[in-house]
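Protein sequence lines correspond, in order, to chains A and B.
According to the numbering used here, the first sequence is numbered sequentially starting from -9.
According to the numbering used here, the second sequence is numbered sequentially starting from 906.
Written out below as structure tokens is the structure these notes cover.
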Amino acid sequence: MKPATSHSRLTRRRVRWAWVFLAPMLLVLALVAGWPLLKTIAYGFTDASLINPEAAQFVGVDNFSFLLQDPYWWASVWNTVVFAVVSVFLETVLGLIIALALNAQFRGRGGLRAAILIPWAIPTVVSAQMWNWMFNDVFGVINHMLMSVGLMQHPIAWTASPDTALLSIILVDVWKTTPFMALLLLAGLQMLPKECYESARVDGVHPLTVFFRITLPLLKPALMVAIIFRLLDALRVFDLVYVMSGNNRDTMSMSVYARQQLIDFGDLGFGSAASTLIFAIIALFTVVYLTVARVGREQ
Amino acid sequence: MAAITLQAVDKTFGKTDVIKQVAMEIQDGEFTVFVGPSGCGKSTLLRLIAGLEEVTAGEVVFDGETVTELEPSERGVAMVFQSYALYPHMSVYDNMAFGLKLKKTQKQAIADRVREAARILQIEHLLERKPRELSGGQRQRVAIGRAIVRKPRVFLFDEPLSNLDAALRVQMRLELKRLHRELGTTMIYVTHDQVEAMTLADRIVVLNAGAVEQIGAPLTLYQQPCNLFVAGFIGSPKMNFVPATVTACSTTQVSVDIGVGAELIVSVAQSNGLQSGARVTLGVRPEHIVGSENAPVVDEPAGEAARIEGKVVAIEHLGAEAYVHLQLAAGSACEEPLVFKGSGDTTLQVGQQAAIFIAPQACYLFDETGNALPRPAAQHKNAS
């Protein structure tokens, strides 16, 4: 590699400058993400309390082994996974339908595109509270409507009843997040080559076949990104669940569980262990998903 | 295979008239080229024939059957797009077989037709590849192959070669010509490149601003352009136009003064009542002007040729020939430099004075409205 000396010197200089430019970001990331993460993981191995974290004692994996035996933890994991899978599935299907509709040419399309974002723009706490009232068993408009058209005989306590609480939360999340999904997918749809569709028209391909054989395969990369985005979001869900049903065991998500341990019970060590496990579970999901996606792409 | 007739076709997008009252007949098996500058509506016209756009008024007729209201697939057309429009997630084979598979054609029949098309286009070794693994020329072949397997009544090409490099374009041009010979199917081809139009077409349709300027065989357009637009568009480099004044006029002879003391007597088939003193435009192609460096004074063409002097302002060397731009002396009506074809080894230099000779039989005349005066038939041979 002797003749390439000057070239490699240039490369070295470029690499050095790249690090210089990256350094501020790495520093900030280390401070605001790296350090808290490490601290949380470290607390997970102690019996630290919220009142006096300095007096923490190292307790090994006690917190984790207790956590893994706690049925409430597993219930919250199950709730979260059900919530994430069902809501993301519904959001993807509905979002895709809306995106396809918005991708068509019609008058007032720009206005509609903006209008559809309203549910996404409302702060979750506000919309969750709004839906809470609509779902209310005594004053709620939803019970009123369903009873007045004769679909129900008695009012249902939507957010309190174990049968419907998780369902209500999923419905609200679908209402809120479908527009976001639709917009992500619409951006993907607009990137697709127009001529492919004209070619399909010349071939006389049925619109449904066009969707399944052309649109869907071409949209797959955008779809995969949108789904992983939403899935990671849904696995961390906190505000919606907390506002709509508080610490209800039937709907508690992993994040709500961790917060309850950490704040309400003041058990910093145990809460940190739970947070660490949430982190691990989401990381696992991501790795599995990306691996599957890559295998799919290579085929 | 189909003969195609357009009857007074109009197309408007919003308030813009893109196609205005276009009428034409395309013979069965003919290779027709639509040519014109960008924005002249040639692609829109093709899309109207394909059925990808709806006509605003008028009728599209295939073999006597009105297809105006039919979907593209029902018209039996196949289209090749500039951007190829291959399905990126399918192999070459699947791209070509897709349309047939959906029509529930038998598997063996599909395979036979795809293999046959691949053989004609010499892409048999590429059938398993994905479009992204192919070069531009190979992709274009696949796109053509996809059209061939459908056995259409008419092939429609929308600037199919514009994304290819020059050498490949020449090669593909020859192959398209060969393909047309082998298949004998009606083909309509859109291009902005007049060289492509000249080399490929049985008949050329010159379009400008949404209307047909002239329809004719390539040589007819070259020898008998009907107006200034066609004369300027067909031929490369483009025809020189010189403002001139009629000094004398009979039915078959027009004397014009081109303002530098040179007078020409141009023969026409019909002077169309031109009056002495009328303003006309004299057209002469660069390849028909004789420059002094390749025609020494002793060999000066017959007496009637006009001798014009000017200053060389630019020379484009192409190897075998050179195009010399000559600025005429001040006072001439011609502000644009005249371009003429010199020999490749011309010794002319920029800044030099040079003389050129314009033979009257090489000239075209256009009246004040830009319409050509018909040329006598004998002149075609002399001019070319």
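Ideal Cβ positions, reconstructed from N, Cα and C, are used throughout, including at glycine.
Computed from a predicted structure; not experimentally measured.
Item, Value
"Contained beta strand (DSSP E) runs [length at least 3] in the region -1 to 51 of chain A, N- to C-terminal order", "none"
"Cα-Cα separation, A:V233 to A:S117", "10 Å"
"Residue nearest to A:L213 in terms of C-alpha spacing, selected from A:Q251, A:L173, A:I146", "A:L173"
"Pair within 9 Å by beta-carbon distance, B:G1247 and B:Q1232", "no"
"Chain-ordered chain B contacts of A:E185 [CB-CB under 7 Å]", "F986, S988, A990"
"Cβ-based neighbour list, A:N69, same chain, cut-off 7 Å, excluding 5 preceding and 5 following", "L156, T241, M242, S243"
"Neighbouring residues, chain A, relative to B:L1007 (Cβ below 9 Å)", "D193, G194, V195, H196, T199, R203"
"Extent of the continuous beta strand (DSSP E) to which B:R1212 belongs", "1211 to 1222"
"Alpha-carbon to alpha-carbon, A:W7 and B:L1105", "56 Å"
"Distance, B:G956 Cα to B:E1080 Cα", "27 Å"
"Chain B contact residues for A:P207, given Cβ-Cβ distances below 9 Å", "Y992, P993, H994, M995"
"CB contact flag (B:G1164, B:C1268, <9 Å)", "no"
"Proximal chain A residues relative to B:L957, where beta-carbon distance stays under 8 Å", "E188, R191, V192"
"7 Å CB neighbourhood of B:F1138 in its chain, flanking five on each side removed", "Q1099, V1111"
"Interface flag, B:A1106 vs chain A, CB-CB below 9 Å", "no"
"Cutoff 8 Å; reference A:G256; Cβ partners in own chain excluding five residues on either side", "S39, L40, I41"
"Residue-chain proximity (B:S948, chain A), Cβ-Cβ < 9 Å", "no"
"Per-residue DSSP class, three states only, for A:F202", "helix"
"Amino acids of chain A, ordered along the chain, whose beta-carbon sits closer than 9 Å to that of B:V972", "Ordered by position in chain A, no residue passes the 9 Å Cβ test against B:V972, which lies about 13 Å from the chain."
"Limits of the alpha helix (DSSP H) - the one that B:G1042 falls within", "1041 to 1054"
"The region 946 to 965 of chain B in contact with the region 920 to 930 of chain B per 3-pair CB rule at 8 Å", "yes"
"is_contact[B:E979, chain A] using C-beta, thresh 9 Å", "yes"
"Sequence-distant residues of the same chain with beta carbon closer than 6 Å to B:L1084, five excluded per side", "none"
"Contact residues within the region 1063 to 1084 of chain B, judged by C-beta distance below 7 Å to chain A", "none"
"Rounded C-alpha distance that separates A:G261 from A:V22", "19 Å"
"Option in B:A1264, B:P1242, B:D1250 with minimal Cα separation from B:G1256", "B:P1242"
"9 Å Cβ cutoff met for B:G1265 and B:S1141", "The question names Gly, but residue 1265 of chain B is Pro in the sequence shown. Cβ atoms of B:P1265 and B:S1141: not closer than 9 Å."
"Contacts around B:L1253, its chain only, beta-carbon distance under 7 Å, and the 5 residues preceding and following it disregarded", "E1198, V1217, I1220, V1229, G1247, A1259"
"Per DSSP, the bridge partner or partners of B:R952", "Answer by DSSP bridge pairing: none, since B:R952 is not bridged."
"Short CB-CB distance (under 9 Å) between B:V982 and chain A", "yes"
"Reduced DSSP category for A:L209 - H, G, I as helix; E, B as strand; rest coil", "helix"
"Buried/exposed call for A:L19, threshold 16 Cβ in 10 Å", "exposed"
"Pick from B:G941, B:G919, B:V914 that is closest to B:R928, judged by C-alpha positions", "Checking the sequence shown, residue 928 of chain B turns out to be Ala, not Arg. Ranking B:G941, B:G919, B:V914 by Cα distance to B:A928 puts B:V914 first."
"Minimum Cβ-Cβ distance from B:D1204 to chain A less than 9 Å", "Model confidence at B:D1204 stands at a pLDDT of 47, short of 50, so the residue's coordinates are unreliable; what they give is reported in the following sentence. So no, B:D1204 is outside the interface."
"Chain-ordered residues of the region 919 to 953 of chain B with a beta carbon less than 9 Å from chain A", "R952"
"Backbone secondary structure at A:N126 - three-state DSSP", "coil"
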